[in-house]
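Novice: Sharing a structure below in structure tokens format, with a few things to ask.
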Amino acid sequence: MPDRPARPDAPILVSPSAMPHRRLTRGVRGRVTLLHALAHIELNAIDLAWDIVARFSSQFPPAFAADWLKVAAEEAEHFALLAARLADLGAAYGDLPAHDGLWQSSQETAGDALARLAVIPMVHEARGLDVTPMMIGKLRAVEDEASAEVLERIYRDEIGHVAIGNRWFLWLAAERGLDDPRAAWQSLVRRHFRGALKPPFNDAARSTAGFPGDWYAPLAPDAA
Ligand SMILES: [Fe+2]
Ligand SMILES: [Fe+2]
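Quick note: the sequence shown uses this note's numbering, first residue 1216, plus one each step.
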């Protein structure tokens, strides 16, 4: 596998601290900033799903590749929906800088399927479940119903992605004879994910995805 897939010339990639922050207002600039950042995450998500298929499928039954191909297709739809909203607002993916944190995080786990499942679907995609309802609320507050509906679609699909990650993590942990998959997950996250998990957690959505609170809550900074 290549270390990274092909990328478009734009956006340029900058360090996370150099990313533009803008408050969400009725004007378009704040919304373009938000939708652009989300489009960048979805483009990474397409690549991450294909990377997991190509890199790790041989260690799993065929249903593993089928699940992640479905994820890749949904991520592509998410990207297309966000690109269409950017176009409605007179912008396009590539207009703003983006950061490379998500891809770097995935490369950190390129050597081990269990670590990859622990970090990408069960940390990053689960984090998406925590923050998306708030973003939907903010978009509704500035009366951007079309963008809010795109995020609702993404949110529903992402619950499924976390569920798929969770299921295959448990499968591989059992296959490896790990008798405490929760402890294994926590130790992989501590080793491969920089920083603590940020509460508040969306316990309802995480639990719908089969992801129990006693796995992730102990990794929040205020948990002893
Ligand atoms: Fe997505
Ligand atoms: Fe996803």
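Backbone N, C-alpha and C fix where the C-beta goes; we use that ideal spot for every residue, glycine too.
Are the stretch 1368-1384 and the stretch 1313-1322 touching, with three or more C-beta to C-beta distances below 8 Å?
Specialist: Touching, no.
Novice: State the start and end residues of the unbroken alpha helix (DSSP H) segment that holds N1381.
Specialist: Counting along the chain, the alpha helix (DSSP H) containing N1381 begins and ends at E1360 to E1390.
Novice: Exposed or buried, which one is D1394 when buried takes at least 16 other CB atoms within 10 Å?
Specialist: Exposed.
Novice: Is I1227 near ligand 1, in the sense that its beta carbon is under 8 Å from a heavy atom of that ligand?
Specialist: No, ligand 1 has no heavy atom inside 8 Å of this Cβ.
Novice: Figure out for me which residue from R1219, H1236, A1306 and P1235 has the closest Cα to the Cα of I1267.
Specialist: For I1267, the nearest C-alpha among the options comes from R1219.
Novice: What residues match up with V1229 in a beta bridge as DSSP calls it?
Specialist: DSSP, once it has assigned bridges, lists H1314 as partnering V1229.
Novice: Whole-angstrom Cβ separation of A1361 and R1300, contact assumed at under 8 Å?
Specialist: That pair is a contact at about 6 Å.
Novice: Is E1257 near ligand 1, in the sense that its beta carbon is under 8 Å from a heavy atom of that ligand?
Specialist: Yes, Cβ of E1257 sits closer than 8 Å to a heavy atom of ligand 1.
Novice: State the DSSP-derived secondary structure class of E1340, mapped to helix, strand or coil.
Specialist: If DSSP states are grouped into helix, strand and coil, E1340 belongs with the helices.
Novice: Quick check on the DSSP output: the alpha helix (DSSP H) that includes I1214 runs from which residue to which?
Specialist: Outside the shown range of the chain, which is 1216 to 1439, sits residue 1214, and nothing can be said about it.
Novice: Please state the DSSP three-state secondary structure of K1353.
Specialist: Here K1353 sits in helix by DSSP.
Novice: Using the C-alpha atoms, what's the distance from H1314 back to G1242?
Specialist: Spanning the two alpha carbons is a distance of roughly 24 Å.
Novice: Identify which residue in L1297, I1256 and A1302 has its Cα closest to the Cα of L1366.
Specialist: For L1366, the nearest C-alpha among the options comes from L1297.
Novice: To the nearest angstrom, report how far apart Q1254 and E1390 are at their CA atoms.
Specialist: This sequence places Ala at residue 1254; Gln is not what is there. Straight-line Cα distance between these residues: approximately 35 Å.
Novice: Of all the options S1232, H1293, D1310 and G1428, which has the alpha carbon lying nearest to the alpha carbon of A1363?
Specialist: Closest option to A1363, Cα to Cα, is H1293.
Novice: Should K1413 be labelled buried (16 or more other beta-carbon atoms within 10 Å of its own) or exposed?
Specialist: The residue in question, K1413, is exposed, as its Cβ has fewer than 16 Cβ neighbours within 10 Å.
Novice: Indicate the three-state DSSP secondary structure (helix, strand or coil) for N1417 in the structure shown.
Specialist: In this structure, N1417 counts as coil in the three-state DSSP scheme.
Novice: Between M1337 and W1400, how many whole angstroms is the CB-CB distance? I'm expecting something under 8 Å.
Specialist: That belief holds up - the Cβ atoms of M1337 and W1400 are roughly 7 Å apart, short of 8 Å.
Novice: Would DSSP call P1348 helix, strand or coil?
Specialist: It is helical.
Novice: Would you say the beta carbon of G1316 comes nearer than 8 Å to a heavy atom of ligand 2?
Specialist: For ligand 2, not one heavy atom lies less than 8 Å from the Cβ of G1316.
Novice: Taking 8 Å as the cut-off, does the CB of E1367 come closer than this to any heavy atom belonging to ligand 2?
Specialist: No, ligand 2 has no heavy atom inside 8 Å of this Cβ.
Novice: Figure out for me which residue from P1235, G1425 and F1279 has the closest Cα to the Cα of L1387.
Specialist: L1387 has its Cα closest to that of F1279, out of P1235, G1425 and F1279.
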